[in-house]
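Residue numbers (our numbering): 922 to 1047. Here is the structure we will look at, set down as structure tokens.
What follows is the structure, given as structure tokens:
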């Protein structure tokens, strides 16, 4: 039906049925594609930790925009590390650089901006 004049087009019912069939096929294909795309979690995921360090990473218990890396140096040389936060819409941030001697532990912290969606990933950088 023509929306401007209110009259039927010359194609009749067959044209409408074909159009509905094409639209239905398009809807099925787009739904299948949407279901095939993996959805990533918004929780913090730890990345590879530099050799010689054993680290525990996470979000602050009260403020989910603050992340940390608590690392112990299991190696035989002094190491420096820092936490790197992937902050969603806000710019990514690096925490304070921490130097630990063999056998010692210390923590690096960083804070994502409030305009973002919070911490998406937490990495430990050498």
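The C-beta atom is built at its ideal place from N, Cα and C for all residues, glycine as well.
* Asked: Along the chain, which unbroken stretches of the beta strand (DSSP E) at least 3 residues long are found entirely within the region 963–1043?
  -> Every beta strand (DSSP E) stretch that sits fully inside the region 963–1043 and reaches 3 residues is listed by chain position as 974–980, 987–994, 1000–1007, 1019–1021 and 1026–1032.
* To do: Report all residues from its chain with a CB closer than 7 Å to the CB of residue 1003; omit the five preceding and five following residues, and keep chain order.
  => Same-chain partners within the cutoff: 1015, 1016, 1017, 1018, 1019, 1029 and 1046.
* From residue 972 to residue 1024, what does the alpha carbon distance come to, in whole angstroms? -> For residue 972 and residue 1024, the gap between their C-alpha atoms comes out near 14 Å.
* Asked: When you compare only the Cα positions, how much space is there between residue 1022 and residue 991?
  -> Cα to Cα, residue 1022 sits roughly 14 Å from residue 991.
* Given residue 970, which residues of its chain have a CB within under 7 Å of its CB, disregarding the five upstream and five downstream residues? -> Once the five neighbours on either side are set aside, the close Cβ partners of residue 970 are 976 and 1045.
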